[in-house]
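See below for the structure under consideration.
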Amino acid sequence: MKKKLRIFFTCLLMFSSCFQLMSQKIDVGSKAVDFTGYDVKSKKRIKLSQYKNKKNVLLNFTATYCGPCWKTYPHMDKLQQKYPSDLKVISVHGDEKKDTWYKIAKRLKIDFKSATIWNVDEKEKIKKIYDIDQYPVFFLIDKKGIIVDRWVGNKKKYMDYSVKYLIEP
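With mature numbering (1 follows the signal peptide of the UniProt record, and there is no 0) applied, the sequence shown corresponds to residues -22 to -1, 1 to 147, in that order.
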């Protein structure tokens, strides 16, 4: 009987933890939810939290089929180059069309140098938590790991202003 109760409570605890994570939604002022993914540029697994207390993060959710997304890649690279010691740009791809993305990038002469993540652990769960239902979506995360801004769409001037305001107050 004790064994059955222990199994029941263990399952209940696991279920409630999963439910809490799945029902969690984040927005400006929230702590960024950590995730791990494989960066094809550095060929390393990176974790969002590894930049906490080190760099601000411009987190971008994108997709191959998203027309406005294509116009943001060169701009994000420029920001990464402008603030190399204060900013880490991370682009998370919501789809799995890596080969198609690289063919289009080659045709458009886009050489995106920032962190590019295709394989994210529990990608669908992360997309739900970050409330990704369209692309591109941007989150600006400060060095403390707090989301200080969120926007949708190709808004280069807004992106510049938001990043500059965070880094050069």
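Idealized CB from N, CA, C, for every residue including glycine.
Beta bridge counterpart(s) of HIS53 as assigned by DSSP: Against the sequence shown, residue 53 aligns to sequence position 75. Bridge partners of HIS53: none, in fact.
Cβ contact (3+ pairs, closer than 8 Å) linking the stretch 43 to 62 and the stretch 89 to 100: yes
Own chain partners of ASP120 with C-beta closer than 8 Å, once the 5 adjacent residues on each side are dropped: In the sequence shown, counting from the first residue as 1, residue 120 sits at position 142. Only ASN34, VAL126 and LEU144 meet the Cβ criterion.
Three-state secondary structure assigned by DSSP to LYS22: In the sequence shown, counting from the first residue as 1, residue 22 sits at position 44. DSSP places LYS22 in strand when its eight states are reduced to three.
For THR94, the three-state DSSP class (helix, strand or coil): Mapped onto the sequence shown, residue 94 falls at position 116. Three-state DSSP puts THR94 in a strand.
Assumed close pair PHE13, ASP99 - CB separation to whole angstroms, cut-off 8 Å: One-based indexing of the sequence shown puts residue 13 at position 35. One-based indexing of the sequence shown puts residue 99 at position 121. Indeed they touch by this definition, with Cβ atoms about 6 Å apart.
Coil, strand or helix - VAL6 by DSSP: Counting from one through the sequence shown, the residue named residue 6 turns up at place 28. In this structure, VAL6 counts as coil in the three-state DSSP scheme.
Buried versus exposed, by CB contacts within 10 Å (16 or more), GLY15: Numbered from 1 along the sequence shown, position 37 holds the residue referred to as residue 15. Label assigned to GLY15: buried.
ASP17 - DSSP class collapsed to helix/strand/coil: Residue 17 sits at position 39 when you count from the first residue of the sequence shown. Here ASP17 sits in strand by DSSP.
Beta-carbon spacing of PHE116, LEU36 below 8 Å: Within the sequence shown, residue 116 is the residue found at index 138, counting from 1. Within the sequence shown, residue 36 is the residue found at index 58, counting from 1. Result yes, Cβ atoms of PHE116 and LEU36 sit closer than 8 Å.
Contact check, THR42 vs SER69, beta carbons under 8 Å: Here the question's residue 42 lines up with position 64 in the sequence shown. Here the question's residue 69 lines up with position 91 in the sequence shown. Cβ distance not < 8 Å, so THR42 and SER69 don't count as in contact.
Whether LYS9 touches ILE124 by CB criterion (8 Å): Along the sequence shown, one-based indexing puts residue 9 at 31. Along the sequence shown, one-based indexing puts residue 124 at 146. Yes, they are a contact pair.
Sheet register partners of ILE124 (DSSP bridge): For the purposes of this step, residue 124 is taken as the residue at position 146 of the sequence shown. Per DSSP, LYS9.
Between the CA atoms of LYS122 and LYS30 - distance to the nearest angstrom: As a first step, residue 30 is located in the sequence shown; it is residue number 52 there, counting from the start. As a first step, residue 122 is located in the sequence shown; it is residue number 144 there, counting from the start. For LYS30 and LYS122, the distance between alpha carbons rounds to 6 Å.
Cβ-based burial, VAL6 [other Cβ within 10 Å; buried from 16]: Residue mapping note: residue 6 aligns to position 28 of the sequence shown, counting from 1. Exposed is the call here.
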